[in-house]
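First residue of the sequence shown: 189, per our numbering; consecutive thereafter.
Cβ coordinates follow ideal geometry from the N, Cα and C atoms, glycine included.
Below: one structure, written as structure tokens.
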Amino acid sequence: MAMGHQLRPLAIVSASSMPTSLISRNVAVIGAGASGLVAARELRREGHKVVVFERENQIGGTWVYDPRVEPDPLSLDPNRLIIHSSLYSSLRTNLPREVMGFRDYPFIAKTDKTRDPRRYPGHREVLFYLQDFAREFEIEDMVRFETEVVYVGLVEGSKKWKVRSKKKRGDNDVEVASDFRFFDEIYDSVVVCSGHFTEPRVAEIPGISSWPGKQMHSHNYRVPEPFQDQVVILIGSAASAVDISREIAHFAKEVHVASRSVADETYQEQPGYDNMRLHSAIECVRDDGSVVFQNGRVVLADIILHCTGLSLSECLNFKASGLLVFYQVGSHSHHKRR
Ligand SMILES: Cc1cc2nc3c(=O)[nH]c(=O)nc-3n(C[C@H](O)[C@H](O)[C@H](O)COP(=O)(O)OP(=O)(O)OC[C@H]3O[C@@H](n4cnc5c(N)ncnc54)[C@H](O)[C@@H]3O)c2cc1C
189 MAMGHQLRPL
199 AIVSASSMPT
209 SLISRNVAVI
219 GAGASGLVAA
229 RELRREGHKV
239 VVFERENQIG
249 GTWVYDPRVE
259 PDPLSLDPNR
269 LIIHSSLYSS
279 LRTNLPREVM
289 GFRDYPFIAK
299 TDKTRDPRRY
309 PGHREVLFYL
319 QDFAREFEIE
329 DMVRFETEVV
339 YVGLVEGSKK
349 WKVRSKKKRG
359 DNDVEVASDF
369 RFFDEIYDSV
379 VVCSGHFTEP
389 RVAEIPGISS
399 WPGKQMHSHN
409 YRVPEPFQDQ
419 VVILIGSAAS
429 AVDISREIAH
439 FAKEVHVASR
449 SVADETYQEQ
459 PGYDNMRLHS
469 AIECVRDDGS
479 VVFQNGRVVL
489 ADIILHCTGL
499 SLSECLNFKA
509 SGLLVFYQVG
519 SHSHHKRR
């Protein structure tokens with residue numbers, strides 16, 4: 189999704205319709221990614237008092253590369269440590285920079301040696317751009333870093349919102365309740381810009397519970413070296429599948445890409461690679477480690493890598509009560525009550 193199309197926040201929590209007269213409000217913005225940064229700037233321009241809550245220690249959201257991966261490689265355990273960003277080290281934008289910038293602050297190529305002037309730049313360049321934007325409009329002054337919102341709810345009998353946030357007491361990394369201080373505050377409005385790309389989707393495969401190989405989701409993929417000499421089944425055909433399959437083919441023994449958007453009999457060599465084949469979807473897997481494709485081919489594999497995308501179904505990572513009015517660009521507009 190182009191950031192140029194994200195001038196509107198992902199979601200707005202409002203007890204009543206938006207005010208028509210210019211009244212200064214106390215507004216909480218949750219998240220300091222691209223959406224939160226621009227929302228904060230616009231709200232302050234309109235004369236509102238804005239606090240941006242950001243659970244990480246810097247702005248940029250998904251564009252902050254994190255070399256760590258989640259302890260559960262499939263990201264299914266609801267109690268796992270969640271790593272927000274899905275960026276892999278080599279990721280470049282899949283949109284040209286011309287459509288990624290904010291309308292009044294274009295994402296222009298910079299000539300500075302530290303910058304990436306390509307039209308489809310690497311992920312670090314997007315972070316630099318967002319940092320430039322934040323600096324230019326002095327947005328960090330509004331941000332409370334390392335402060336996570338854990339609850340948003342209507343105050344009974346009023347049109348205001350209670351926001352509960354938590355902040356670590358010190359540098360202690362052990363996350364137990366006593367290491368946090370909790371704060372309750374009241375705001376007139378809350379703008380939710382917490383991102384929505386955190387719930388990996390995993391393909392359903394008959395027989396998978398007794399398949400002995402490894403599995404992981406591309407959310408936890410960073411670099412290709414761990415795939416050295418492995419036979420890899422990679423599921424998917426979208427942008428991440430295309431990037432990652434080509435990257436790991438330089439290290440893996442074989443890469444077999446399973447796609448459900450090709451005909452059942454498909455079995456094709458991939459141009460430029462002598463160790464990569466495109467197959468139709470997986471039919472089933474067996475407890476001897478083999479993977480059976482709909483095209484009838486059988487491959488003994490070491491690992492299944494799910495490049496199957498991230499779910500939009502659950503975009504709030506805090507407790508909420510009251511009426512939430514969701515605004516979303518494109519075809520996903522919906523309303524939801526919590
Ligand atoms: C792998 C990948 C590649 C992409 N490639 C492109 C591309 O090439 N071009 C493009 O235009 N878009 C791309 N996107 C889309 C990208 O998500 C958007 O460009 C944009 O960065 C989303 O910004 P956001 O502010 O909505 O969310 P995010 O960037 O996810 O920011 C959300 C912020 O909210 C914070 N937060 C979350 N919950 C809380 C909480 N409870 N309390 C406090 N803080 C919280 C997070 O720490 C984070 O900083 C890509 C996305 C992914 C995942």
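I'd like to know whether the C-beta atoms of residue i and residue j end up nearer to each other than 9 Å.
i, j, result
"I470", "Q482", "yes"
"V337", "A228", "no"
"V378", "V343", "no"
"T496", "V390", "yes"
"K347", "D376", "yes"
"R285", "F295", "yes"
"S406", "Y276", "yes"
"K398", "F371", "Per the sequence presented here, residue 398 reads as Ser, with Lys not at that position. Against a cut-off of 9 Å, the Cβ pair of F371 and S398 comes out as no contact."
"G235", "G383", "no"
"P414", "I432", "no"
So, with DSSP's three-state summary, where would you put residue i?
i, result
"N408", "helix"
"W251", "helix"
"G518", "With a pLDDT of 31 at G518, under the threshold of 50, the predicted position of this residue should be treated as unreliable, though the coordinate-derived value follows. In this structure, G518 counts as helix in the three-state DSSP scheme."
"E334", "coil"
"Y276", "coil"
"I393", "coil"
"P309", "coil"
"D462", "coil"
"A228", "helix"
"P388", "strand"
Tell me whether residue i counts as near ligand 1, meaning its Cβ is closer than 8 Å to at least one heavy atom of that ligand.
i, result
"L493", "no"
"N408", "no"
"M288", "yes"
"F370", "no"
"V411", "no"
"T496", "no"
"I247", "yes"
"N214", "no"
"T281", "yes"
"P241", "Reading off the sequence shown, one finds Phe at residue 241, where the question assumed Pro. It does: the Cβ of F241 is within 8 Å (strictly closer) of some heavy atom of ligand 1."
According to the neighbour-count rule (16 or more other Cβ atoms, all chains shown, within 10 Å of its Cβ), is residue i buried or exposed?
i, result
"H467", "buried"
"A451", "exposed"
"S521", "Any reading at S521 needs caution, since the residue's pLDDT is 32, under 50, leaving its predicted position unreliable; the model's value is listed next. So S521 ends up on the exposed side."
"L422", "buried"
"E242", "buried"
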